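Numbering (our numbering), first residue to last: -12 to 163.
Glycine included, each C-beta is placed from N, C-alpha and C at the ideal position.
Note that the structure is predicted; figures quoted are calculated from it, not measured.
Following: one structure in structure tokens, then a few remarks.
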């Protein structure tokens, strides 16, 4: 099977010079390349959790937004994944949590306002990075909003420490 010429008919009714010479296989390879690389260049998007808790409604949004039942908890985001939250300063319990996508308009952290603690967290570059467990105020747990103590975080930290310990033991046995 030889090469086929793509020709265009000019206004005068005559064939123009060949513009492209390619086989069907060449065309398929070119199309596949475009389909697989196009998402890399078209607006970088990430996925964020989108849910809310207030007045006892929507408790899944507090500690595990994957189980949000009041609509789709997933949203495509071209900005930052964020968490806005308000905690009772005395009990540490959340009174308001909102996870969504928006342009971060302030720094991460918490601010004491009266008897409430208002916290803001933003992240970017990783799908569902606004998944932090907020069942208690980050301030009362002794952690900042940037590194709250969640069961998953504790397991990851314990796993990392265990790996370092095993590596250290192996090195001591190998090199004395």
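If residue i and residue j are in contact, beta carbons under 8 Å, what's the gap, nearest whole angstrom?
| i | j | result |
| --- | --- | --- |
| residue 81 | residue 44 | Incorrect: roughly 12 Å between the Cβ atoms, too far for contact. |
| residue 68 | residue 110 | 5 Å |
| residue 83 | residue 40 | 7 Å |
Tell me whether residue i is buried or exposed, calling it buried when 16 or more other Cβ atoms sit within 10 Å of its Cβ.
| i | result |
| --- | --- |
| residue 54 | exposed |
| residue 33 | buried |
| residue 14 | Note that residue 14 has pLDDT 45, beneath the 50 cutoff, so the model's placement of it is unreliable and no number is given. |
| residue 100 | exposed |
| residue 59 | exposed |
| residue 102 | exposed |
Straight-line CA distance for residue i to residue j?
| i | j | result |
| --- | --- | --- |
| residue 78 | residue 123 | 8 Å |
| residue 65 | residue 47 | 25 Å |
| residue 86 | residue 61 | 10 Å |
| residue 113 | residue 56 | 23 Å |
| residue 70 | residue 76 | 18 Å |
Within a Cβ cutoff of 7 Å, which residues of the same chain sit near residue i, ignoring the five residues on either side of it in sequence?
| i | result |
| --- | --- |
| residue 116 | 68, 110 |
| residue 63 | 32, 34 |
| residue 72 | 81, 83, 84, 106, 121 |
| residue 208 | Residue numbering for the chain in the displayed model covers -12 to 163; residue 208 lies beyond these limits and cannot be assessed. |
| residue 42 | none |
Among residues of its own chain, excluding the 5 on either side of residue i, which ones have a beta-carbon nearer than 6 Å to its beta-carbon?
| i | result |
| --- | --- |
| residue 166 | The chain is shown from -12 up to 163; residue 166 falls before or after that span and cannot be answered. |
| residue 90 | 66 |
Using C-beta distances below 8 Å, list every residue in its chain close to residue i, excluding the 5 sequence neighbours before and after it, in chain order.
| i | result |
| --- | --- |
| residue 93 | 107 |
With a threshold of 8 Å (Cβ to nearest heavy atom), would residue i be considered close to the ligand NAP?
| i | result |
| --- | --- |
| residue 36 | For the ligand NAP, the structure offers nothing, since it holds no ligand at all. |
(request) List in chain order: all unbroken alpha helix (DSSP H) runs of 4+ residues lying wholly within the region 34 to 89. (result) 47 to 50
(message) Which complete beta strand (DSSP E) runs does the region 94 to 123 hold, if anything under 3 residues is left out?
(response) 96 to 100, 103 to 110
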